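Visitor:
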Amino acid sequence: MHTNRAVVDEPAHGNPALQHQFATKGQQKNAASLGMWLFLAQEVMFFGGLFCAYLVYRYKYFGDFGSASQQLDIELGTINTVVLICSSLTVVLGIRAVQLGKRMALVFWLLATIVLGLAFLGIKADEYAEKFEKHHVPGASFSYHELLPGQEKLPAAERQYANPHHAEMFFSLYFAMTGMHALHMVIGVGLFGFLAYMAWRGKYTPDYYTPVENAGLYWHFVDIVWIYLFGLLYLIDRHR
Amino acid sequence: MATAIVSDSGERENYLNAGHGLKSWLLTVDHKRIALLYLISITFFFFIGGFFALPLRLELLTPAGDLVQSDTYNKLFTMHGQVMVFFFVIPGVPAVLGNFLIPMMIGAKDLAFPRINLLSWYLFIIGGILMIYTILNGGVDTGWTFYTPLSSEFAKTNVISAALGIFVAGFASILTGLNFIVTIHRMRAPGMTWNRLPLFVWSHYATSIIQVLGTPVVAITIVLVALERLLHLGVFNPSLGGDPLLFQHLFWFYSHPAVYIMILPSMGIVSEIVCCFSRKRVFGYKAMALAVLGIAVLGFLVWAHHMFVAGISVYAALIFSLLSYFVAVPSAIKVFNWTATMYKGSITYQTPMLYAFGFIGLFTIGGLTGLFLACLGIDVHVTDTYFVVAHFHYIMVGGMVMAYLGGMHFWWPKISGRMYPEGWGKLAALIVFIGFNLTFFPQFVLGYMGMPRRYHAYPAEFQILNVLSTAGATILAVGYLLPMVYFLWSMRYGKPAPPNPWNAAGLEWQTHSPPPTFNFDEPPVVTWEAYNYDKLGEIPETEEVPVAH
Amino acid sequence: MPEHISSLGSCLAIWLCLLAGTTLTVAAAFIDLGPFNTIVALTIATTKATLVVLFYMHVKYTHEKLTGLVIVSSIFFLFILLALSMADYGTRLWR
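Residue numbers (the working numbering), protein chains in the order written: chain A, 17 to 256; chain B, 451 to 999; chain C, 439 to 533.
1) Please classify residue 490/C as buried or exposed, where buried requires at least 16 other C-beta atoms within 10 Å of its C-beta.
2) For the alpha helix (DSSP H) that contains residue 167/A, what are its first and last residues?
3) For residue 598/B, which residues in the same chain have their Cβ closer than 6 Å to its Cβ, ignoring the five residues on either side in sequence?
4) Would you kindly work out how many angstroms separate the C-alpha atoms of residue 529/C and residue 763/B, rounded to a whole number?
5) Just to confirm, are residue 250/A and residue 116/A a CB contact at a threshold of 8 Å?
6) Quick check on residue 24/A: buried or exposed, where buried means 16 or more other Cβ atoms within 10 Å of its Cβ?
7) Go to residue 239/A, then tell me how far its alpha helix (DSSP H) extends in each direction, as first and last residue.
8) Using the rule of at least 16 other Cβ atoms within 10 Å of the residue's Cβ for burial, across every protein chain shown, is residue 453/C buried or exposed?
9) Which bits of chain A does residue 463/C rub up against, with CB to CB less than 7 Å?
10) Between residue 564/B and chain A, is there a C-beta pair that is closer than 8 Å?
11) Within 10 angstroms of its Cβ, does residue 652/B collect 16 or more other Cβ (buried), or is it exposed?
12) What would DSSP say about residue 512/B, mapped onto helix, strand or coil?
13) In terms of residue numbering, what span does the alpha helix (DSSP H) encompassing residue 863/B cover?
14) Given that residue 486/C touches chain A, what residues does it touch there, using C-beta distances under 7 Å?
15) Check whether the region 640-649 of chain B and the region 547-558 of chain B are in contact - that is, three or more C-beta pairs closer than 8 Å.
16) Any C-beta of chain A sitting closer than 8 Å to the C-beta of residue 692/B?
17) Please say whether residue 656/B and residue 742/B have beta carbons closer to each other than 8 Å?
18) Please state whether DSSP places residue 75/A in a helix, a strand or coil.
19) Kindly list, in the order they appear in chain B, the residues whose Cβ is closer than 7 Å to that of residue 515/C.
20) Taking the alpha-carbon of residue 441/C as reference, which of 224/A, 159/A, 70/A has the nearest alpha-carbon?
21) Is it the case that the region 614-623 of chain B contacts the region 530-543 of chain B, given that we only count it when at least three CB pairs across the two stretches are under 8 Å?
22) Pull up the distance between the alpha-carbon of residue 744/B and that of residue 890/B, whole angstroms please.
23) Helix, strand or coil for residue 648/B per DSSP?
24) I'd like to know whether the C-beta of residue 255/A is nearer than 8 Å to at least one C-beta of chain C.
25) Near residue 566/B, what residues of its chain come up, given a Cβ to Cβ distance below 8 Å and the 5 sequence neighbours on each side ignored?
26) Can you pull the chain B neighbours of residue 188/A, defined as C-beta to C-beta under 7 Å?
27) Would DSSP call residue 530/C helix, strand or coil?
28) Can you list, in chain order, the residues of its chain whose CB lies under 8 Å from that of residue 479/B, leaving out five sequence neighbours each side?
29) Note down, in chain order, all residues in the region 542-563 of chain B with a beta-carbon under 9 Å from any beta-carbon belonging to chain A.
30) Smallest Cα separation from residue 948/B: which of 911/B, 866/B, 908/B, 877/B?
31) Examine chain C for any beta-carbon lying closer than 8 Å to the beta-carbon of residue 570/B, and answer yes or no.
32) Spatial neighbours of residue 791/B within its chain, please: CB distance less than 7 Å, with the 5 preceding and 5 following residues excluded, ordered by chain position.
33) Name the chain A residues whose beta carbon is nearer than 9 Å to that of residue 474/C?
34) So the alpha helix (DSSP H) residue 171/A belongs to, where does it begin and stop?
35) If you reduce the DSSP assignment to three classes, tell me which class residue 462/B lands in.
36) Between the alpha carbons of residue 523/B and residue 507/C, how many angstroms are there, rounded?
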């Protein structure tokens with residue numbers, strides 16, 4: 017079998033093993049990093065399609081979207097935003113821990129991230145359940161009979177109601193966007209679970225923590241998506 | 451040339467004989483083996499897609515819709531389009547020739563992520579299985595473009611399984627693009643600077659950018675259509691406040707750049723072939739490299755030219771029409787530069803060069819007719835007619851398939867270690883050229899005269915042109931079958947190929963045919979510019995018996 | 439090549455900025471700013487996202503210019519998708 021004659025000083029074993037196509041570990045790390053960023057670029061476009069749909073319909077049905085947005089629980093949404101921001105902090109502290117060679121600290125911060133991620137998902141599930149009870153889940157059982165924002169100030173006879181079809185559009189996009197985000201969170205939690213196990217086994221050192229770094233990039237990206245989702249979905253027309 | 455590894459039986463170790471058995475192929479991470487896996491799969495899907503065109507063209511022999519029912523006809527052109535577009539034309543060149551050649555052309559041992567490369571192939575196969583399931587379950591009849599609300603609400607056919615198949619195959623495409631970009635950035639051999647890269651590599655780099663940034667948008671669109679179909683949401687349904695045009699915007703945002711995914715790699719092939727068989731450096735290397743990047747970027751700005759009569763605002767139509775004229779400029783620059791490369795070159799007419807000539811002529815016609823379509827006034831008249839069908843077949847078949855065949859012939863000695871029979875190669879190229887033009891040129895006239903696309907019945911005065919087109923299609927089929935036969939024949943009986951039968955420039959020709967598993971005996975160090983044909987001699991007339999084999 | 443190690447202080451400082459931004463955006467939502475509500479919300483969201491990208495994702499400390507190019511490209515093409523789609527929707531009712 018043909019051996020890797022090109023590289024004589026880099027060991028083929030060790031942690032991590034130098035893969036045959038790379039000349040140095042630095043090259044291997046750089047390649048992994050660039051690959052991860054490109055993956056995030058395509059994720060931007062993936063969510064971007066949903067943001068485009070949202071932009072178009074919010075532009076067309078601004079009033080109805082405002083009404084539907086008020087049906088979302090802003091407290092739970094804000095708590096979830098804080099939860100994710102904290103989870104980004106735990107990720108960063110985990111990276112710091114492994115850079116400083118602190119194995120148990122790394123495990124701790126990875127587990128903390130998982131706990132916060134699960135908390136987010138739990139709160140989301142609670143929100144979804146509430147939507148289900150109020151018949152705001154799009155589909156056969158959807159029913160919507162709410163006023164447009166600001167209409168409560170008018171006399172009862174003149175109040176205008178939101179168009180239920182357009183409100184259903186908001187909820188379709190709400191579930192599609194937050195659902196896709198939640199799916200990414202689930203994948204992230206799974207990834208971090210795997211990482212926590214490997215970290216506990218001692219696989220990550222100050223010389224090699226590329227998987228932690230790249231998973232961290234993924235987690236921060238999912239956090240950024242939520243930052244935009246929160247602002248766009250929950251905060252449309254709260255002042256009325 | 452460094453000494454090769456020779457096994458006990460005296461045969462030099464190469465990627466084909468390094469490891470035997472199904473497992474060594476299905477679990478390979480060697481980019482060259484993965485390229486062959488793709489070659490087999492893509493050829494298979496080419497047959498399937500072509501198989502759907504057969505009753506389609508037969509039906510069109512007579513004006514009446516008498517061979518198949520209209521619903522069946524809808525399924526025929528839909529499946530033809532979906533299989534050909536997503537499982538042949540888009541993956542074709544990058545997955546086969548790109549995978550095989552890019553690491554070698556840059557002097558690397560493999561792609562940056564060999565296991566992701568294998569994953570790409572498996573995703574492609576899964577997507578293909580879903581598509582075959584769709585076919586066996588009755589197909590789809592929405593047109594390959596899946597327009598809503600037909601696809602999302604009213605179609606009674608297997609939209610979701612087809613959409614899922616395309617989603618999975620699209621993910622394979624994204625991963626391949628990602629792999630190529632990282633490889634080209636990070637794995638170039640010492641001395642292989644960006645300005646020394648073969649244009650084949652530049653083309654695939656530009657293609658990969660489109661694959662990574664464009665495909666996700668159609669992926670999420672497919673998800674929305676599936677959700678709408680399953681849950682009766684109203685995102686694209688007008689009776690629930692949705693806009694069918696939103697689907698079209700999101701769909702074409704990918705599907706227009708997708709046509710540049712189809713053509714850019716082919717342009718890379720043509721650059722390699724033209725330089726080799728003119729024995730000249732490419733004219734305007736920097737312009738050629740910038741042109742492929744320009745096509746990739748500008749290609750993202752023009753998508754709504756597929757929607758001129760769909761109901762978009764006329765102001766948006768104006769903007770997209772203008773941008774569509776701009777995107778023709780870099781393509782034209784490439785055609786001029788190939789021509790200038792050939793000027794005062796020492797031209798010979800081996801099979802690859804015949805295909806390259808065919809490409810340049812037919813791509814020019816296809817591209818110019820694209821400009822007709824970009825003009826709003828003309829488009830109103832010819833949109834959704836056979837003019838459009840002829841236009842895109844000139845680019846996809848006259849362009850991409852010609853270049854693909856040219857590339858397969860050019861690099862066949864490297865891939866298989868055998869020479870194909872040159873006489874048969876020239877004959878097949880001629881048959882393909884004649885068959886192609888006879889099939890598709892009449893369609894320009896038909897479209898201009900008003901025959902709509904996707905119709906299985908037509909007025910009697912259109913019959914003669916349709917008959918010509920069907921006759922051409924049968925000739926074209928023969929032209930396609932011939933290379934399949936003689937390539938297979940050559941693997942057993944073809945002349946063993948020397949490392950560089952064409953005396954071509956490029957690192958891939960500096961190693962054995964077929965190459966060893968890790969491509970080079972010693973990692974190359976590049977000290978010369980690309981296309982250094984002034985230093986190389988002529989193409990050897992007769993093949994000498996190769997030395998070490 | 440030694441990797442940049444973020445100081446504990448900078449990690450916490452960014453965290454506090456993100457929390458402050460969240461508070462700000464929720465508070466601003468309850469004030470009637472007319473069409474500026476959306477702009478304020480998006481500006482705050484973008485500022486938060488920029489802080490995460492530059493500091494938490496270490497883009498500020500990397501020597502790799504290619505990372506920045508990838509980020510800018512993806513934002514650019516997303517912007518094209520949104521802007522040119524709205525070029526249609528925004529002008530449909532024009533005479």
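Note that beta-carbon positions come from the ideal geometry of N, C-alpha and C, so glycine has one too. Predicted, not measured: the structure shown is a model, and the values here were computed from it.
Guide: By the coordinates alone:
1) So residue 490/C counts as buried.
2) No alpha helix (DSSP H) contains residue 167/A, which DSSP labels as neither H nor E.
3) Counting only Cβ-Cβ distances below 6 Å, and skipping sequence neighbours, we find 686, 694, 697.
4) Whole-angstrom Cα-Cα distance: 6 Å.
5) For residue 250/A and residue 116/A, no; Cβs fall outside 8 Å.
6) Note on residue 24/A: pLDDT 45, under 50, position unreliable in the model; the coordinate value appears next. With a 10 Å radius around the Cβ and a threshold of 16 neighbouring Cβ atoms, residue 24/A comes out exposed.
7) Segment 226-245, the alpha helix (DSSP H) holding residue 239/A.
8) Buried, by the Cβ-count rule.
9) Within chain A, the residues near residue 463/C are 247, 251.
10) Any Cβ of chain A closer than 8 Å to the Cβ of residue 564/B would place that residue at the interface, and such an atom is present.
11) Taking all protein chains in view, the Cβ of residue 652/B is crowded by 16 or more other Cβ atoms within 10 Å, so the residue is classified as buried.
12) In this structure, residue 512/B counts as coil in the three-state DSSP scheme.
13) Per DSSP, residue 863/B belongs to the alpha helix (DSSP H) from 852-866.
14) Chain A residues near residue 486/C: 243.
15) Segments in contact, yes.
16) Residue 692/B has a beta carbon lying within less than 8 Å of a beta carbon in chain A.
17) It is a contact, given that the beta carbons lie within the stated cut-off.
18) In the displayed model, residue 75/A falls within a helix according to three-state DSSP.
19) For a Cβ distance threshold of 7 Å, residue set 663, 750 of chain B lies close to residue 515/C, ordered along the chain.
20) For the options 224/A, 159/A, 70/A, the alpha carbon positioned closest to that of residue 441/C is the one of 224/A.
21) Taking a contact to require three or more Cβ pairs closer than 8 Å, the region 530-543 of chain B and the region 614-623 of chain B qualify as touching.
22) Residue 744/B and residue 890/B: Cα-Cα distance of roughly 29 Å.
23) DSSP places residue 648/B in coil when its eight states are reduced to three.
24) Taking Cβ atoms only, chain C reaches closer than 8 Å to residue 255/A, which makes this a yes.
25) Exclusion of the five residues before and after residue 566/B leaves 625, 628, 629 as the residues of its chain whose Cβ lies within less than 8 Å of its Cβ.
26) Result: 683, 684, 685.
27) Correct three-state label for residue 530/C: coil.
28) So the list reads 560, 564, 565, 567, 568, once near-sequence residues are dropped.
29) Considering only beta carbons, the part of the region 542-563 of chain B lying closer than 9 Å to chain A consists of 553, 558, 559, 560, 561, 562, 563, in chain order.
30) Comparing Cα-Cα distances from residue 948/B to each of 911/B, 866/B, 908/B, 877/B, the minimum goes to 866/B.
31) Not one chain C Cβ lies under 8 Å of residue 570/B.
32) If we look at residue 791/B and ignore the five residues flanking it on each side, its Cβ neighbours are 724, 725, 728, 730, 732, 733.
33) Correct list: empty, because the minimum Cβ distance to chain A is about 11 Å.
34) Neither: residue 171/A is in no alpha helix (DSSP H) and is coded neither H nor E.
35) Strand, per DSSP.
36) C-alpha separation (whole angstroms): 47 Å.
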